[in-house]
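Asks:
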Amino acid sequence: MTEQSNVTTQTLDSLVCVVLDIHLWTGRRKLTPKDLQKVAPENLPPQDLASLGSKKICDPDELNEFAKLKRRAERLLLEAGYRFLGGYGIPEEKLAEVRRELKGLQDEFGTYKKGFLARYDQTVEQWIARHKEWESIIRKAATPVDEVDARLRFSFRVFRVAPAAVPLDGENEAEESLLEGSYRGILREVARAAGETWERSYKGNSVVTQRALSPIRKMRDKLNGLSFIDARIYPVVEQIDETLSECPKAGKIEGAPLRGLSALVLLLSDTERMVAHGEAAIGNVNASAPAEMLAGVDEPAGEPEVSESDAAPMEDAAEVTAIDEVESQEDEPEPVVRHEEHAVSNSGLFF
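Given below as structure tokens:
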């Protein structure tokens, strides 16, 4: 095995993949021509009942909590990791904490689901009472509670990514491409978050509060946790730390510290500038060298710009070994899987 292969294997050994299996029920059924065959155009159902070819059979506000819990789970994984192999790649050292928080969300989902199912029939009747004129089409389309129960579910699986047991032609190149794709994907996600932060908190402002530092710290923690993926990440973490260290610990932030923060956020908003920053910082050090080799490097200067790009799919030519599953899942990830089941339903910146 080559030195590069060893580095790649060690990197994959530090990474786990979490796949969410969260299914929601929309509370909608198809609106058919038969539903409206005796209805004059001026007497169409109200917008809160029917729209774009579908009809609602219960109050959508009753279903919002399920969607909120799904978004919280996705946000949790994106803060700890990045999109990877149809799931989320996270550092193994964060797995225990992430699993604990996901289990908490799963419990919340289950508790709310139990209450929703208990009052489901009443909820449908209340919806009918609000739309008495359309009682027949609502009642006919009402989904049986057992079917709603089956559709609503929250589970997750955790997999370890590892090289195939039998070496394949081009395997090393594929693994290196996988890690390069991971590196780029991480930067794209940070760039999107930084772009939103710029628009929301920094653009056009001459003063910001301490709250404006929170998203930067989250981006810093994400990058730091994933710096083992590629050595070019760590210089960006160092730049964030240096910039934050120059900010006041309390009160408003303005003047030179704010200019430094603005330059930092603009750097983080641009994937290619983050790549250039990392490469310039490590100089001739191989981009796959351990992060420990990067302490004390100088940061480059440059004019940051904002650009955002959509996450690109990453190649997966690695074998995947499941190390934990929280619930059986209908759709397995594409890689080969072996499972064990556990039941649970600045200052270096310039303008």
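When the count follows our numbering, it moves up by one through the sequence shown with no breaks and lands on 345 for the last residue.
The beta carbon of each residue, even a glycine, is placed where N, CA and C say it ideally should be.
Taking DSSP as the reference, what is the three-state secondary structure of residue 271?
Replies: It is helical.
Asks: Closer than 8 Å, CB to CB, is residue 131 near chain B or not?
Replies: Going by chain labels, chain B is absent from the structure shown, which holds only one protein chain.
Asks: Please name the residue, chosen from 246, 236 and 267, that lies closest to residue 254 on a Cα-to-Cα basis.
Replies: Checked all of 246, 236 and 267; the closest Cα to residue 254 is 236.
Asks: By how many angstroms is the C-alpha of residue 176 removed from the C-alpha of residue 170?
Replies: Distance between the alpha carbons of residue 170 and residue 176: 10 Å.
Asks: Would the beta-carbon of residue 67 fall within 8 Å of that of residue 89?
Replies: No; because the gap between Cβ atoms is not below 8 Å, this pair is not in contact.
Asks: Ignoring anything shorter than 3 residues, give me the beta strand (DSSP E) runs that lie fully in the region 145 to 211, in order along the chain.
Replies: DSSP runs (the beta strand (DSSP E)) wholly in the region 145 to 211: 147 to 156.
Asks: Let me know if residue 87 comes out buried or exposed under the rule of 16 or more other beta-carbons within 10 Å of its beta-carbon.
Replies: With fewer than 16 Cβ atoms within 10 Å of its Cβ, residue 87 is classed as exposed.
Asks: Do you know how far the Cα of residue 61 is from the Cα of residue 215?
Replies: About 26 Å.
Asks: Quick check: what's the CA-CA separation for residue 101 versus residue 143?
Replies: Roughly 15 Å separates the two Cα atoms.
Asks: I'd like the span of the alpha helix (DSSP H) that includes residue 101, first residue to last.
Replies: Looking at the DSSP string, the run of the alpha helix (DSSP H) that includes residue 101 is 89 to 112.
Asks: Is the region 104 to 120 touching the region 255 to 273, taking contact as three or more C-beta pairs under 8 Å?
Replies: Because the criterion of three Cβ pairs below 8 Å is not met, the region 104 to 120 and the region 255 to 273 do not touch.
Asks: According to DSSP, residue 132 sits in a beta bridge with which residue or residues?
Replies: Answer is none; residue 132 lacks a bridge partner.
Asks: Between which residues of its own chain and residue 241 is the CB-CB distance below 6 Å, once the five residues before and five after are set aside?
Replies: 247 and 251.
Asks: Leaving out five residues before and five after residue 146 in sequence, what residues of the same chain have Cβ atoms less than 6 Å from its Cβ?
Replies: Around residue 146: 19 and 107.
Asks: Considering only the alpha carbon of each residue, which of 72, 5 and 113 lies closest to residue 213?
Replies: It is 72 whose Cα lies nearest to the Cα of residue 213.
Asks: Can you look up residue 18 in the DSSP assignment and give me helix, strand or coil?
Replies: Here residue 18 sits in coil by DSSP.
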